[in-house]
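Everything on this sheet refers to the single structure shown next.
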Ligand SMILES: *Cc1c(COP(=O)(O)O)cnc(C)c1O
């Protein structure tokens with residue numbers, strides 16, 4: 001399917017709404033039936049009809065159709081946040097007594113789900129270094145039902161060899177889920193590599209403007225329908241029609257934004273990589289990265305995240321560098337128009353520093369600004385430390 005068709009036409013039935021180019025925000029909780037017979041038919045056909053917005057809503061459906069097509073999936077289901085999608089996907093694949101193998105250092109709340117939440121319900125989890133797919137294999141137990149991936153993963157952007165992990169899962173009759181938020185559906189399509197379910201935080205690149213939150217699960221129709229009947233309807237973490245509309249608006253420009261972000265990030269990374277005050281850059285598409293070949297093989301392009309280690313033993317220097325940046329906002333999240341930093345130093349105080357990550361680690365996200373504008377800012381801030 002053409003990308004342009006997906007973004008501009010797929011799922012849009014403009015004749016139904018006055019030929020409006022931009023779809024309506026169908027702001028309703030319920031949909032009325034004309035007769036008992038109609039209602040009977042509706043109840044029988046859910047999830048294919050509009051009956052109640054906690055189940056389905058027309059504005060949300062347009063977004064779901066486009067996201068499914070972008071991932072090459074039969075079907076997709078949208079959620080009110082990325083972590084709601086992650087949690088529903090994971091819960092749909094486990095029951096008490098099962099065992100999960102999960103990538104080490106996933107997104108922080110995925111980590112909480114795996115390490116704190118699942119064990120409460122009798123699901124055991126092993127976290128593995130995913131840079132070697134064999135670590136997944138070695139962690140398998142007779143009761144393993146799910147292998148969970150996030151590639152690239154949070155903060156340090158290590159990759160998992162997706163096809164290799166899928167092979168291990170298939171041989172053991174396990175399912176696989178991947179969080180594909182960092183790569184976007186434009187630059188990596190794990191379903192084509194045999195993964196069962198792909199999740200995204202739509203809050204990030206898909207929305208792209210730091211003004212809405214959402215998540216999605218993409219997969220086979222049968223699996224998605226099972227999640228609809230189960231985790232989706234019972235946990236109720238739905239996407240509002242208004243936020244679906246904002247995400248749709250963001251989605252229309254995803255390809256131009258990603259192209260721009262990829263090019264700018266390449267320049268900014270090249271600048272930082274050669275800078276004497278930068279000890280290390282974590283970025284899959286750096287030629288010196290041991291996973292560079294794998295990155296080129298399973299991703300179509302780089303995206304806007306990378307992490308640096310500032311060359312210093314003093315946390316004050318990290319503070320000074322970060323505070324001196326004028327054009328990078330200091331914030332959580334990423335994927336919007338604005339460049340961001342997230343310094344690990346902010347989580348550091350000698351009393352309760354729990355992270356395994358060093359305090360001189362700074363995560364960057366590159367937005368839509370000019371490369372030179374950002375590099376000049378980095379230059380003046382690095383000169384101060
Ligand atoms: C932000 C993020 C999430 C969670 O998404 P929310 O929309 O904030 O709930 C999940 N996975 C990754 C990789 C993320 O960066």
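Numbering (full-length UniProt numbering), first residue to last: 1 to 385. Don't be surprised by glycine CBs; every beta carbon is placed ideally from N, CA and C. Every value quoted in this text rests on a predicted model; they were computed, and no experiment measured them.
Across the structure, residue 129 and residue 148 are spaced so that their CA atoms are roughly 12 Å apart. Your pair residue 333 and residue 374 does not check out as a contact, with CB atoms roughly 18 Å apart and the cut at 8 Å. Remark: the shortest separation between the CB of residue 236 and any heavy atom of ligand 1 does not fall under 8 Å. Contact between residue 321 and residue 382 holds: their C-beta atoms lie close to 7 Å from each other, under 8 Å.
When C-beta atoms of the segment 136 to 153 are compared with those of the segment 174 to 186, three or more pairs fall below 8 Å, so the two segments count as touching. In this structure, residue 253 and residue 208 form a Cβ contact; the two beta carbons are roughly 7 Å apart against a cut-off of 8 Å. Look at residue 369 here: in three-state DSSP terms it is coil, with no helix or strand label.
Remark: C-beta atoms of residue 255 and residue 71 do not approach each other more closely than 9 Å.
For residue 119, the closest of 101, 183, 204, 134 by C-alpha to C-alpha distance is 101. The DSSP-derived three-state label of residue 195 is coil. In the structure shown, residue 286 adopts coil according to DSSP, grouped into three states.
About 7 Å separates the beta carbon of residue 364 from that of residue 307, a gap short enough to meet the 8 Å contact definition.
At the C-beta level, residue 204 and residue 367 stay beyond 9 Å of one another. For residue 206, the secondary structure class from DSSP, reduced to helix, strand or coil, is coil. Residue state for residue 243 is assigned as helix, using DSSP reduced to three classes. In the DSSP assignment, residue 175 is bridged to 146. Taking a contact as a CB-CB distance under 8 Å, the pair residue 302 and residue 265 counts as one, their CB atoms being some 6 Å apart.
The C-alpha of residue 217 lies about 42 Å from the C-alpha of residue 316.
Residue 329 counts as exposed, since fewer than 16 other beta carbons sit within 10 angstroms of its beta carbon. In terms of side-chain proximity, the C-beta atom of residue 154 is found nearer than 8 Å to a non-hydrogen atom of ligand 1. Of the residues 4, 210, 305, 229, the one whose Cα lies closest to the Cα of residue 336 is 210. Taking residue 133 as the centre and dropping the five residues before and after it, the same chain places the C-beta of 161, 164, 165 closer than 6 Å to its C-beta, in chain order.
Looking at the DSSP output, residue 305 bridges to 365.
For residue 103, the enclosing beta strand (DSSP E) begins and ends at 99 to 103.
In this structure, residue 136 has its beta carbon at no less than 8 Å from each heavy atom of ligand 1. The continuous alpha helix (DSSP H) containing residue 269 extends over residues 254 to 273.
Going by DSSP, residue 127 is part of the beta strand (DSSP E) stretching over 124 to 128.
Contact between residue 206 and residue 80 does not hold, since the beta-carbon distance rounds to 14 Å and is not under 8 Å. In this chain, residue 82 is not harboured by any beta strand (DSSP E); it is covered by the alpha helix (DSSP H) spanning 82 to 91.
Taking one beta carbon from each stretch, the segment 267 to 279 and the segment 228 to 237 have fewer than 3 pairs nearer than 8 Å; the two do not touch.
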